[in-house]
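Note that numbering that gives the first Met the number 0 has the sequence shown beginning at 0, numbered continuously upward. Read through the structure below, which is laid out as structure tokens, and then see the notes.
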Amino acid sequence: MARERKILKQILGLTLAILITNLFEVETNKFQETNMASKFSYIDEPQHHIRQRRAEPYTDYVAEIEINTSDISVINEMKIFLNYLIQNYFVIDNLTIVDLSFTTVCNMLPGTTDYQCNCENQYLWPCDKCTKYGRCNNSITNNTCSCINAYPNNGQFCRPISEMTNVTTCQQTATAKPTTTAKPVTTAKTAPTDKPVTTAKTAPTAKTATTAKTTPTAKTAIAKTTTTVKTPATVKPAQPPPTTLTVIKMSMRINIIFETSLTMETDPKYKSYVANITSAIEKSYKNLPNYIQRSVHVIGFRSGSIIADYTVTANSTNLNVTDANTQVSKTLEGQGLPLTQDAFANSVETNLTTKNKYYPQQNVELKCTLPNSVTGTMKWSVNGKDLAGSSAKYTISNDNSTLTVNNASESDSGRYSCIIQSSPIPYIQWQTVSIQPLPSIIVDTTNIQLLCQNQTVPLTCCADGYSVQWFGIPDSDVMINSGSGCFTLQHKIFSTNCTSKEIFTCRLNMKELQTFDYSSRTVQVQTVNKYDCIHNTLGVGKIGDSVTELCEKGQEGLITYQCKQTKDLKYDWTEVQRDCVVQAIKDLERRSEVLFVEEIPVFMTDLRNTTVQNNTVITQSAATVQTIVDILYTIANISQTINISRPVMEDFLKTVEIIVSDASKNTWTELNNDNKTENKSTELLQAIETISDRLSDDDYMINETSIQLHRKRITNSFTETSSLPNSHTQIVIPNVLKPTLITFIIFTKLDNVLPTRNTSNNDNKTSENHINGDVVVVRVNEAINNISFTFDTTDTSLKNPQCVFWNFSLDHWDSTGCKVKGSGNETVTCECDHTTSFSILMSLVPVNNLALDIITYIGVAISLASLILCLIIEAIVWKSATRNDTSYMRHVSIVNIAVSLLIADICFIIAAAIGNPGQPTPVDTCSAVVFFMHFFYLAVFFWMFISALLLLYRTVMVFSQMSKTNLMVIAFMVGYCAPFLITVITVASTAGPKNYVSKENACWLNWKESMALLAFVIPALTILAFNLMVLIVVVCKMIRRGVANTTQYEDRHTLVVIARCVAILTPIFGLTWGFGIGTMVSQKLGIHVVFAILNSLQGFFILVFGVLLDSKIREILAGKFSLRNLTSSDRTRSTTAGPSTSGPGLFQRIRRNVYNISEANAFSGLSSSNSSSDAYTSLNP
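See below:
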């Protein structure tokens, strides 16, 4: 028995060592420099098992084999070998391999001679090893660990979990060394059966191997093998396995546009392609000599149409696949996967260059090294383009083995291939080469001026992803690592040794780049004595000087300050420009510059997640929004050779939705008004249209909060209605001539982004147009001559609809081929005859006439002058005109109306200067102005209410007496306290969301968001209604009492008297504001003109009807200035024809008539003449 055991041990050890050594002698020279040594150790004693279906016993032996290699990718080749064991019985005489498992992987730590040994799945280190050698970064759990910080010198390896159930408890010790997790090596097992078979349990994947770093003798893989000894009588003869297995790497080109879903192994299309290709190859190759059946492995897909990379295994390098590939092509074409001509190639991804990274302006050298078995003519290509005879950009050696890319830039990134036209199929070595983005070195300022005094000034230099260092610094200066790739130089200035100018250099810590201009930035420090502005970090400067400063932490870029005079007439550094981009977005922008199409799905997911996570900051940063637009534009452009899958488009639209939301409205206004960035909105629209043309052919819908996409194949008519909130946009296509794939995208917030310029007005800043509905992007693959849209209008006050599309050639909205089919109060229907580069919106022009502006400003100017004159006159006549209570209250009302209206009109002028139509309102500046305007206009109305109330009181309650003090208290409580209370409550209720003032067009109360305007409209309309009622009461009194006491012929006509009464009281009571209701319901220019004239001249009307037409005031003024002739004609008329019918004379007759009748009934004891005189005087002094 001992002799048999010895023989079996020798045979098994020798056989496995030869097999595993030969395993890595593949068709390329990939592992020729690998140091591989095999060890064999016999561990277990023989074990005896009894099988139910077998009467004879057999003996198990467990052997452990150790393989040392410098390249972790050999694990991939082991996978192929294990697959071979599954498919071919591995029997040597009476030995059968029944189990094969990877247990342990030991990696040498980079830059050291220390090892870490990791256990494979279902294997662990016992506690004594964890304690003795020290665990890695995991704790001891259940007296086991999965990694130790040493390579055991006694041949011990990880043990099966099943053996760890009854281990001895031990004490945990501290970790010996922190480490990096080693790459996993997977376990494979085979099991004994009646026939000599081997089954694989798991196998390592290419992904786990390719990310490992290669160091000499840094990898150790241990395979545990169980063998069974069988008696010769029961073992069937079997063919020995080949001594050499060859893994042949191949590719096929499918004549279908590459789709991003083929980069995701979980995608159904990816799985379907893999299954079809595997089946077709296996079916065609299975009868080939030397081919190992079921060894097809599809590695993945890449662009260039669709290139499928796969491997097959053979026991010889001579595998003639020409005829078999023809059959593969036919099979795949029948499955809807047509191949291109000369589709097959022996394709190997390898390292054509020795460098890991290349930078701009460097020369990239690629060298093609062929195995001895490959001969033929050699040529080079990049991204499928043949480089033979190319420009001076490329240099090819005489033997064509070396390609040099001269003065490389980011655009030179791509897939470089060395192609050998060998027989029967080409042999290709290829590598994807990325030229790194241009390093961006940012210094907080390039020129700073400082005072000549003892101080320390920080100079910061940053280069994301690179290490930098300051050069040319004095010994007294200190350099500090500020984090995030930034280093700060603490430069000291001494008053005793000031240098007028010093220059410091910030340079990349990379010797190979220091010859290039982009590797360094300089900072100039000057000391001066005279200055206007001063700041601790910005230094000093004179008016007009500019300095820059780095953005806050988490953002990249610069903030520009300028020395300006402030409102308090002081000088200070004022921020004039902020070019700060969220750091994560800036990092993604750099990635996008060297992005390959296969990387788009992962990149778009990262962009979406980053945008969502930084939503609040992004929407308020114009520079960040601009950067995201640039990224989306780049993605749309590089996707023009592929098809975009639904997940990628979902990420794209979610990103768009965030940057066009209501929160970013002011940001887009800033971008559109800047000459440098005014085209970013149309660039975004173009990116949307461009990527929409590259969608996959599947039918699907994507619904976000404000964006809806529907892709559908139609064969006849088509009708679709928006399902977005507050949107009922309908798209109708009456008929199509052939099956058409249509994509439409509805945006409810794109009006926040797009400019409003059109054919008639190409200046967005002065355009009177408004996007008044959803924006719809329509893309089709066949021409459509008739398509109609029905839009909901978002602002029903706007009129004059236009149906337009964005014309990228003209760079504005264009109505060519579109017309308005019908419009109502809330909808507009458009009909267009094309869809090429088409997006539709409705543009409405509100009533806005230059004449109205002129009338308003002239009228307000006249009113301001009239009110000032009114107050001057009142001051002159005050003592003489306020001798009784009623007269006193009347003049108090007029003075307060004049003062309030004067201040309100001044605020109106200021607000008009602040707010611009079509532009966002500066909320902070506008809020104070609107507060005072709101308050004083309300005060005007409430004092008009006091005037009406006083007239009603004296008209209806003739003999009622109230003291002047009470009247004054009531008047001022109503006139000022009520408006103040309303204004304060309005501000308090809208202060949180900052919705007190309008956010665009005008500096006035907000309507859309908070309806704060109601706090003015409701009190004003209520007072107007009351004043109108008072006017009606007075007129009714006049009609009932008549005008019997008058003597003039014209005054006997009651209608004439009533008309004069209404004409005088209307401006005093503010009834002209009633025309404002007409402007709300009508867009006719006439009513707007009337409203503008009457209300802008209200101050003038108060002067005329409240002051100048008062004969008593004229008499007082004449007496003050000895101008008796001013009233001579009036006195003559009074003597000959009774009282004047103008102005207050009307009030006199009204009051006398009312009073005389009342007097006869109620106050018979009073003197008629005295009472009459007192009554008149009390009302009209």
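In this text, a Cβ means the ideal position worked out from N, Cα and C, and glycines have one as well. Since the structure is predicted, the reported quantities are computational estimates derived from the model, not experimental observations.
Since residue i contacts residue j with CB under 8 Å, what's their CB separation in whole angstroms?
i: residue 1068; j: residue 1026; result: 4 Å
i: residue 295; j: residue 281; result: 5 Å
i: residue 975; j: residue 938; result: 6 Å
i: residue 625; j: residue 807; result: 19 Å between Cβ atoms; not a contact.
i: residue 596; j: residue 637; result: 6 Å
From residue i to residue j, what does the alpha carbon distance come to, in whole angstroms?
i: residue 364; j: residue 771; result: 57 Å
i: residue 405; j: residue 360; result: 8 Å
i: residue 660; j: residue 748; result: 6 Å
i: residue 829; j: residue 408; result: 48 Å
i: residue 843; j: residue 530; result: At residue 843, the pLDDT of 44 sits below 50, so the modelled position is not reliable; the number obtained from the coordinates is stated separately. Between residue 843 and residue 530, the C-alpha separation is close to 52 Å.
i: residue 700; j: residue 774; result: 17 Å
i: residue 1060; j: residue 750; result: 51 Å
i: residue 746; j: residue 423; result: 55 Å
i: residue 322; j: residue 817; result: 58 Å
i: residue 894; j: residue 936; result: 14 Å
i: residue 458; j: residue 488; result: 5 Å
i: residue 492; j: residue 1002; result: 49 Å
i: residue 134; j: residue 112; result: 17 Å
i: residue 453; j: residue 462; result: 30 Å
i: residue 945; j: residue 1030; result: 13 Å
i: residue 803; j: residue 780; result: 21 Å
Please confirm whether residue i and residue j have their CB atoms less than 8 Å apart.
i: residue 377; j: residue 400; result: yes
i: residue 1065; j: residue 1094; result: no
i: residue 275; j: residue 339; result: no
i: residue 776; j: residue 800; result: no
i: residue 574; j: residue 558; result: yes
i: residue 641; j: residue 264; result: no
i: residue 545; j: residue 525; result: no
i: residue 914; j: residue 925; result: yes
i: residue 387; j: residue 252; result: no
i: residue 467; j: residue 437; result: no
i: residue 593; j: residue 620; result: no
i: residue 1111; j: residue 880; result: yes
i: residue 548; j: residue 443; result: yes
i: residue 249; j: residue 311; result: yes
Along the beta strand (DSSP E) that carries residue i, what are the first and last residues, could you check?
i: residue 125; result: 122-125
i: residue 778; result: 774-779
i: residue 560; result: 554-564
i: residue 746; result: 739-746
i: residue 299; result: 296-302
Helix, strand or coil for residue i per DSSP?
i: residue 352; result: coil
i: residue 365; result: strand
i: residue 452; result: coil
i: residue 436; result: coil
i: residue 216; result: For residue 216, the pLDDT reaches just 36, beneath the cut-off of 50, and the residue's location in the model is therefore unreliable, leaving the point undetermined.
i: residue 724; result: coil
i: residue 712; result: strand
i: residue 104; result: strand
i: residue 795; result: coil
i: residue 1066; result: helix
Kindly say whether residue i, judged by its beta-carbon, lies nearer than 8 Å to any beta-carbon of chain C.
i: residue 571; result: Any reference to chain C falls outside this structure, which holds one protein chain only.
Return the first residue and the last residue of the alpha helix (DSSP H) that residue i is part of.
i: residue 667; result: 664-672
i: residue 988; result: 977-989
i: residue 1098; result: 1097-1102
i: residue 276; result: 267-284
i: residue 472; result: Residue 472 -> no alpha helix (DSSP H), and no H or E assigned at all.
i: residue 906; result: 884-913
Any heavy atom of the ligand GTP closer than 7 Å to the CB of residue i?
i: residue 1098; result: This structure lacks the ligand GTP, and indeed carries no ligand of any kind.
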